[in-house]
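Worksheet: one structure, shown below.
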């Protein structure tokens, strides 16, 4: 289970994407997600898919590893597609059986939603795989530093984000241990229908929550013992440096957005 989910994990490789400033990657991904939301045409999604594949290639990420790690989330995406397919009405009636019907607009909207969610998840995962949690924390704190003048605890928020990212693989590892322990006692999570499998997972939640709270308490005690104070100015062992490649990366979002705007306007 812990190897099936890659969100929150960092893959240390030597690539041009890894060497980019985390602030540039953070801003680029944010703007790219906005462009994804503004896309409403199949050609636009084809254009964005090509760019995402180029990004995966530049980051030297194994394509099979990336998509295999997102498999658990694709289940949620598939459920979203089914909901849109049956709920959204309009266009040509493609199928009808009793009170169940499928229209062309529902099929089209469901497919676009699936592409949108998939692209957002892949883009966000590329960011976390190529940027360490510490770099993400530093980038978040530097980018939102002006909010300190409005009494917003940016340092505390960035630390919370870093801890949350670190806890995802930790909790998945803990869930894997609990599942193996339950299987040794005769539990079966792979057979039966959908609702049977959901029911089988319920006994896992209580020990998982207990373990999560215990780990959180241990972490809080360790941080307190080491003198952590969110109100104090934090220093960094490594300082972020902005290079020309970071500027070029951000400027690339302009032609990307321009192509999507042209497709949206004229097609």
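Numbering (our numbering), first residue to last: 1027 to 1293.
The beta-carbon is built from N, C-alpha and C at its ideal position, and this holds for glycine as well.
- If you look at residue 1120, you'll find it in the beta strand (DSSP E) that goes 1119–1123.
- Judged by DSSP in its simplified three-state form, residue 1213 adopts coil rather than helix or strand.
- Of all C-beta pairs linking the stretch 1122–1130 to the stretch 1093–1103, fewer than three are shorter than 8 Å, placing the two stretches out of contact.
- Taking residue 1198 as reference, the option from 1238, 1176, 1213 with the minimal CA-CA separation is 1238.
- Contact between residue 1073 and residue 1286 is confirmed by a C-beta separation of about 7 Å, below the 8 Å threshold.
- Judged by pairs of C-beta atoms under 8 Å, the stretch 1129–1139 does not touch the stretch 1149–1165, as fewer than three such pairs exist.
- In this structure, the beta-carbon distance from residue 1180 to residue 1173 falls below 7 Å.
- Going by DSSP, residue 1272 is part of the alpha helix (DSSP H) stretching over 1270–1277.
- For the pair residue 1235 and residue 1143, the Cα-to-Cα distance works out to about 28 Å.
- In the DSSP secondary-structure assignment, residue 1126 is bridged to 1123.
- If you ignore the 5 residues before and after residue 1176, its C-beta comes within less than 6 Å of no other C-beta in its own chain.
- Between the stretch 1082–1092 and the stretch 1045–1060 there are fewer than three inter-stretch CB-CB distances shorter than 8 Å, so the stretches are not counted as touching.
- Annotation: the stretch 1124–1209 contains the following complete segments of the alpha helix (DSSP H) (minimum length 4 residues), in chain order: 1130–1156, 1159–1169.
- Following the DSSP letters along the chain, one finds residue 1038 in no alpha helix (DSSP H), marked with neither H nor E.
- In this chain, residue 1088 is not harboured by any alpha helix (DSSP H), its DSSP state being neither H nor E.
- With contacts defined by Cβ atoms closer than 7 Å, residue 1139 and residue 1163 do not form a contacting pair.
- The residue from 1185, 1204, 1075 with its alpha-carbon nearest to that of residue 1226 is 1204.
- Where residue 1083 is concerned, the enclosing alpha helix (DSSP H) starts and stops at 1068–1084.
- Here DSSP, grouped into helix, strand and coil, assigns residue 1240 to helix.
- Between residue 1256 and residue 1185, the beta carbon gap of about 7 Å places them in contact (Cβ cut-off 8 Å).
- Beta-carbon to beta-carbon, residue 1112 and residue 1279 are separated by about 36 Å, too far to satisfy the 8 Å threshold.
- Assignment of residue 1263 by DSSP, reduced to helix, strand and coil, places it in the coil class.
- By the neighbour-count criterion, in which a residue is buried when 16 or more other Cβ atoms sit within 10 angstroms of its Cβ, residue 1065 is buried.
- Comparing C-alpha distances from residue 1245 to each of 1292, 1264, 1136, 1196 shows the shortest one belongs to 1196.
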